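Peer 1: Mind looking over this structure? Questions follow.
Residue numbers (full-length UniProt numbering), protein chains in the order written: chain A, 1 to 433; chain B, 1 to 433.
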């Protein structure tokens with residue numbers, strides 16, 4: 001009865017030898033990537049819209065597959081948060097369809113040559129944006145990631161191999177079937193998007209060890225998954241590790257703005273990587289600002305943990321330990337430290353932060369400029385909430401993740417991060433002297 | 001009597017425990033990198049020019065150190081090519097000084113924000129070019145690499161840890177002493193450039209395993225060195241692997257241009273990675289072009305190895321084996337294959353090439369366009385010699401290597417490749433809704 005069977009997906013039992021199966025996926029992906037390099041934008045967009053139509057047409061089958069996953073999850077005792085991430089309802093389904101339309105409407109980064117410069121030798125030299133090739137994406141329970149990842153890889157001209165969580169296997173298989181039908185309808189190779197049809201963990205080990213067939217791995221999930229994959233991968237990994245984000249309120253800050261930013265950065269959402277985890281306050285404004293902050297946070301039920309100087313002003317809060325300065329709480333908990341000026345604030349950020357997103361609140365021009373130049377994080381902000389560190393808020397139109405790496409892509413990764421630039425040289429018979 | 005002793009360099013015997021020694025270098029480099037983030041262009045340029053003055057002032061000591069290295073090399077039986085790479089003469093010394101002046105004259109990439117865009121939320125978002133941080137460079141015998149690497153890392157705002165070949169240890173120590181004096185004179189931290197003072201191989205193992213202190217490793221040297229380092233490194237590596245470069249002469253090519261390009265791409269220099277190793281010729285022009293090519297190559301003493309169809313026209317040449325298509329000869333040897341059109345040519349390039357540099361010679365607009373879009377190499381050329389794939393020829397003003405990676409930097413790497421871009425957000429109290 002499951003969508004799994006009805007879509008003729010291969011099950012765990014019939015992929016055969018995992019190494020052979022993954023090598024076959026890899027070879028097919030490489031061939032599809034070669035074909036995708038010459039696929040024009042219109043065909044890619046047509047495939048995206050055809051996928052949306054297929055999903056709409058097979059909506060009940062996808063929902064039935066999801067219901068089967070949910071039933072199995074409940075039986076096996078998955079926790080409520082995981083079941084929630086796994087569940088598709090009409091709103092989430094509609095959001096998936098809407099996402100495909102949005103990606104189709106984005107400008108295609110492939111083929112862009114930003115400048116073609118003439119050199120003394122007579123050649124013209126430029127850099128052309130091209131797909132990376134084959135992208136492997138490893139993720140956990142949310143089935144809508146299957147579609148999101150597939151659409152971004154497709155639009156950027158890449159082939160992809162997707163490995164979702166075992167909890168979502170029937171949902172993913174049903175979505176994959178719609179993706180394949182959409183690709184076929186648009187005349188693109190079906191291997192442009194392949195969903196790994198086995199939940200055997202060995203498949204992940206294979207996927208990250210095939211440099212001949214996979215150009216980059218993007219793991220989406222918890223820190224331990226990402227660390228393990230980075231450690232074991234034989235291909236480059238675009239990592240998204242933790243966000244220990246700071247807001248530093250300088251003595252010249254307008255305190256109303258500081259209050260609004262500090263509250264928003266902590267409370268707008270607790271579980272996101274761009275949520276503030278430690279608030280640093282310049283000593284001269286601590287006495288005025290801390291009580292106002294404390295009452296605002298109390299309204300949101302945020303637990304405060306402070307340094308000695310903070311506790312001298314807010315005497316009812318817990319003492320922050322060394323561990324608190326390192327903590328990514330992802331919860332209604334905030335560490336607060338009173339510091340003496342921007343140097344001390346930047347030292348704290350450098351020492352304890354994760355170089356993800358850090359903000360200063362100040363009206364001092366020179367300090368704003370220093371903070372921007374010197375804080376070594378993927379996003380550095382002046383007078384804005386750290387919660388803005390996001391591909392959509394930044395105008396990328398999409399986001400496959402937020403890179404905490406320094407090389408290649410840093411910060412929110414959109415379509416551009418799924419491409420690379422090669423040199424193109426145009427001549428008229430030039431030779432080197 | 002050696003410069004080694006006279007400059008008070010530490011010798012192999014007194015660095016003590018290698019792990020501790022390297023950790024100390026790493027910590028000092030990290031601190032210097034933090035300071036370098038706020039160092040303005042003028043101070044960096046002053047340091048570069050001060051280094052040039054110091055080198056000029058201590059020229060005889062550096063030359064004496066080099067003479068000591070050469071003497072030791074001769075004693076230990078280094079081959080002539082290695083001794084040549086090791087040797088400094090007046091011309092090479094002058095070129096080093098000139099290089100420092102050139103790097104000082106280059107525009108500083110750091111701090112550049114290409115565009116700052118307003119978002120609906122009211123924030124402005126841009127990307128600022130910033131140093132990578134600490135760069136580890138591992139290289140072989142040429143002592144001028146010490147200065148070249150140091151100057152490019154400094155200009156791009158990075159700290160670096162340099163590990164040269166043991167053959168050049170006294171030369172490198174003498175050059176390092178001049179670099180340090182130049183940094184001191186300009187008021188920059190001496191740890192901005194550190195030369196590893198031990199030739200113990202364990203130091204390399206440590207250098208590539210300190211992600212807390214080193215942001216990226218750039219190995220410069222033979223393929224086996226680079227492969228070993230890539231395999232073992234725990235930090236990202238910018239790789240420069242082999243160049244199996246192709247020229248494809250299409251049937252519509254102007255044969256005089258094809259001849260000039262094919263001869264230049266092979267013979268202008270044999271030992272470089274952008275030298276053509278395989279020539280592909282479209283069948284309709286093979287009969288006319290091959291004899292002309294053969295006589296041109298004969299003048300240069302290039303040995304030809306051909307496919308069956310090539311040998312049907314040039315019947316005296318050796319048969320090319322499967323191995324020849326994979327070969328990076330770095331020598332006066334060329335593999336030639338007659339193919340049927342651009343599809344076959346691109347298939348050959350994809351299958352046997354190393355994705356370094358590949359060129360088409362054609363007067364057909366559509367084929368030129370296809371070749372540019374579809375050949376997945378770091379440099380793709382139309383009607384120009386592959387030998388142009390070079391940072392100076394491309395106008396980068398400098399070159400630390402040619403990356404064969406797809407991520408981060410691809411092709412010739414200049415100052416920009418030693419930087420990364422972080423997001424900067426300017427607001428006026430904005431919070432996320």
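Backbone N, C-alpha and C fix where the C-beta goes; we use that ideal spot for every residue, glycine too.
In this text, all values refer to a predicted model and were calculated from it rather than measured experimentally.
With distance defined between alpha-carbon atoms, name the residue in A:20, A:15, A:22, A:101 nearest to residue 398 of chain A.
Peer 2: The option with the nearest alpha carbon to residue 398 of chain A is A:101.
Peer 1: How do the stretch 380-391 of chain A and the stretch 311-330 of chain A stand: do at least 3 beta-carbon pairs fall below 8 Å, yes or no?
Peer 2: At 8 Å Cβ cutoff, the stretches do not touch.
Peer 1: Within 10 angstroms of the Cβ of residue 362 of chain B, are there 16 or more other Cβ atoms? Answer buried if so, exposed if not.
Peer 2: Residue 362 of chain B is buried by the Cβ-count criterion.
Peer 1: Is the separation between the beta-carbon of residue 193 of chain B and that of residue 150 of chain B shorter than 7 Å?
Peer 2: Cβ distance < 7 Å, so residue 193 of chain B and residue 150 of chain B count as in contact.
Peer 1: Ends of the alpha helix (DSSP H) at residue 59 of chain B?
Peer 2: 59-75 is the span of the alpha helix (DSSP H), which, as asked, contains residue 59 of chain B.
Peer 1: Ordered along the chain, which non-local residues of its own chain (more than five positions away) have a Cβ less than 8 Å from that of residue 130 of chain B?
Peer 2: Answer for residue 130 of chain B: 37, 110, 111, 157, 419, 420, 421, 422, listed in chain order.
Peer 1: If you follow the alpha helix (DSSP H) that residue 384 of chain B is part of, which residue opens it and which one closes it?
Peer 2: Here residue 384 of chain B belongs to no alpha helix (DSSP H); instead the beta strand (DSSP E) covers 379-384.
Peer 1: Just to confirm, are residue 356 of chain B and residue 278 of chain B a CB contact at a threshold of 7 Å?
Peer 2: It is not a contact, given that the beta carbons lie outside the stated cut-off.
Peer 1: Are the stretch 239-246 of chain B and the stretch 406-416 of chain A touching, with three or more C-beta to C-beta distances below 8 Å?
Peer 2: Judged by Cβ distances under 8 Å, the stretch 239-246 of chain B makes no contact with the stretch 406-416 of chain A, as fewer than three pairs qualify.
Peer 1: For residue 288 of chain A, count neighbouring C-beta atoms within 10 Å of its own C-beta (all shown protein chains included) and say buried if the count is 16 or more, exposed if not.
Peer 2: Exposed, because fewer than 16 other Cβ atoms sit within 10 Å of the Cβ of residue 288 of chain A.
Peer 1: Given residue 116 of chain B, which residues of its chain have a CB within under 6 Å of its CB, disregarding the five upstream and five downstream residues?
Peer 2: For residue 116 of chain B, where only same-chain residues beyond five positions count, the Cβ hits under 6 Å are 124, 126.
Peer 1: Are any of the Cβ atoms in chain B nearer than 7 Å to that of residue 123 of chain A?
Peer 2: Closer than 7 Å to some Cβ of chain B, the Cβ of residue 123 of chain A qualifies, so yes.
Peer 1: Which stretch, first to last residue, makes up the alpha helix (DSSP H) that contains residue 102 of chain B?
Peer 2: Taken as a continuous stretch (DSSP letters only), the alpha helix (DSSP H) holding residue 102 of chain B covers 90-105.
Peer 1: So, does the CB of residue 431 of chain B fall closer than 7 Å to a CB anywhere in chain A?
Peer 2: Taking Cβ atoms only, chain A reaches closer than 7 Å to residue 431 of chain B, which makes this a yes.
Peer 1: Spatial neighbours of residue 226 of chain A within its chain, please: CB distance less than 7 Å, with the 5 preceding and 5 following residues excluded, ordered by chain position.
Peer 2: Result list for residue 226 of chain A: 219, 239, 240, 241, in chain order.
Peer 1: What residue from A:342, A:66, A:296 has the CA that sits closest to residue 447 of chain A's CA?
Peer 2: Because chain A spans 1 through 433 in this model, residue 447 of chain A falls outside it and cannot be assessed.
Peer 1: When you compare the CB of residue 2 of chain B with every CB in chain A, is at least one pair closer than 7 Å?
Peer 2: Note that residue 2 of chain B scores a pLDDT of 37, beneath 50, so its modelled location is shaky and nothing firm can be said.
Peer 1: Given 8 Å as the limit, is there contact between the stretch 326-337 of chain B and the stretch 203-219 of chain B, that is, 3 or more CB pairs closer than that?
Peer 2: At 8 Å Cβ cutoff, the stretches do not touch.
Peer 1: For residue 401 of chain B, decide whether its Cβ has a neighbour in chain A, counting only Cβ atoms nearer than 7 Å.
Peer 2: Taking Cβ atoms only, chain A never reaches closer than 7 Å to residue 401 of chain B, which makes this a no.
Peer 1: What residues of chain B sit near residue 395 of chain A, judged by a beta carbon separation below 7 Å?
Peer 2: Chain B residues near residue 395 of chain A: 117, 119, 125.
Peer 1: Just to confirm my understanding: we take residue 43 of chain A, look at its own chain, exclude 5 residues before and 5 after, and list those with CB closer than 8 Å. What are they?
Peer 2: Here the set comprises 186, 187, 188.
Peer 1: For residue 434 of chain B, would you say it is in contact with chain A, using Cβ-to-Cβ distances shorter than 7 Å as the test?
Peer 2: Residue 434 of chain B is absent from the model: chain B starts at 1 and stops at 433.
Peer 1: What does the alpha-carbon distance come out to for the pair residue 366 of chain A and residue 359 of chain A?
Peer 2: When rounded, the distance between both Cα atoms is 15 Å.
Peer 1: What are the uninterrupted segments assigned as beta strand (DSSP E) that are 3 or more residues long and contained completely in the stretch 278-354 of chain B, given in chain order?
Peer 2: Runs of the beta strand (DSSP E) inside the stretch 278-354 of chain B: 303-306, 333-339.
Peer 1: Is it a yes or a no for the stretch 61-78 of chain A touching the stretch 202-211 of chain A, going by three-plus beta-carbon pairs under 8 Å?
Peer 2: With a cut-off of 8 Å, the stretch 202-211 of chain A and the stretch 61-78 of chain A do not count as touching, because too few Cβ pairs lie within range.
Peer 1: So, for residue 202 of chain B: in the same chain, excluding its five sequence neighbours on each side, which residues have a beta-carbon less than 6 Å away from its beta-carbon?
Peer 2: The answer, listed in chain order, is 18.
Peer 1: Check the Cβ-Cβ distances between residue 378 of chain A and every residue of chain B, and say whether any is below 7 Å.
Peer 2: Yes, residue 378 of chain A counts as interfacial toward chain B.
Peer 1: Verify the CB distance criterion: does residue 426 of chain A have a CB-CB separation below 7 Å to chain B?
Peer 2: Yes, because at least one Cβ of chain B sits closer than 7 Å to the Cβ of residue 426 of chain A.
Peer 1: Among all the DSSP beta bridges, which residues are the ones paired with residue 118 of chain B?
Peer 2: Answer is B:124.
Peer 1: Taking DSSP as the reference, what is the three-state secondary structure of residue 54 of chain B?
Peer 2: Helix at residue 54 of chain B.
Peer 1: For chain B, check one thing: does any of its Cβ atoms lie closer than 7 Å to the Cβ of residue 247 of chain A?
Peer 2: Residue 247 of chain A does not count as touching chain B.
Peer 1: Leaving aside the five residues before and after residue 153 of chain A along the sequence, list all residues of the same chain whose C-beta is less than 6 Å from its C-beta, in chain order.
Peer 2: Here the set comprises 135, 160.
Peer 1: With 8 Å as the limit, tell me which residues of the stretch 28-58 of chain B have their beta carbon closer than that to any beta carbon of chain A; keep them in chain order.
Peer 2: Going along the stretch 28-58 of chain B in chain order, one finds 34, 37, 38 with a Cβ nearer than 8 Å to chain A.
Peer 1: Please report how far the alpha carbon of residue 256 of chain B lies from the alpha carbon of residue 106 of chain A, in whole angstroms.
Peer 2: Rounded to the nearest angstrom, the two C-alpha atoms are 45 Å apart.
Peer 1: Would you kindly work out how many angstroms separate the C-alpha atoms of residue 190 of chain A and residue 180 of chain A, rounded to a whole number?
Peer 2: About 5 Å.
Peer 1: Rounding to the nearest angstrom, what Cα-Cα distance links residue 5 of chain A and residue 170 of chain A in this structure?
Peer 2: In this prediction, residue 5 of chain A has a pLDDT of 37, which is less than 50 and means its spatial position is unreliable; nothing more can be read from the coordinates.
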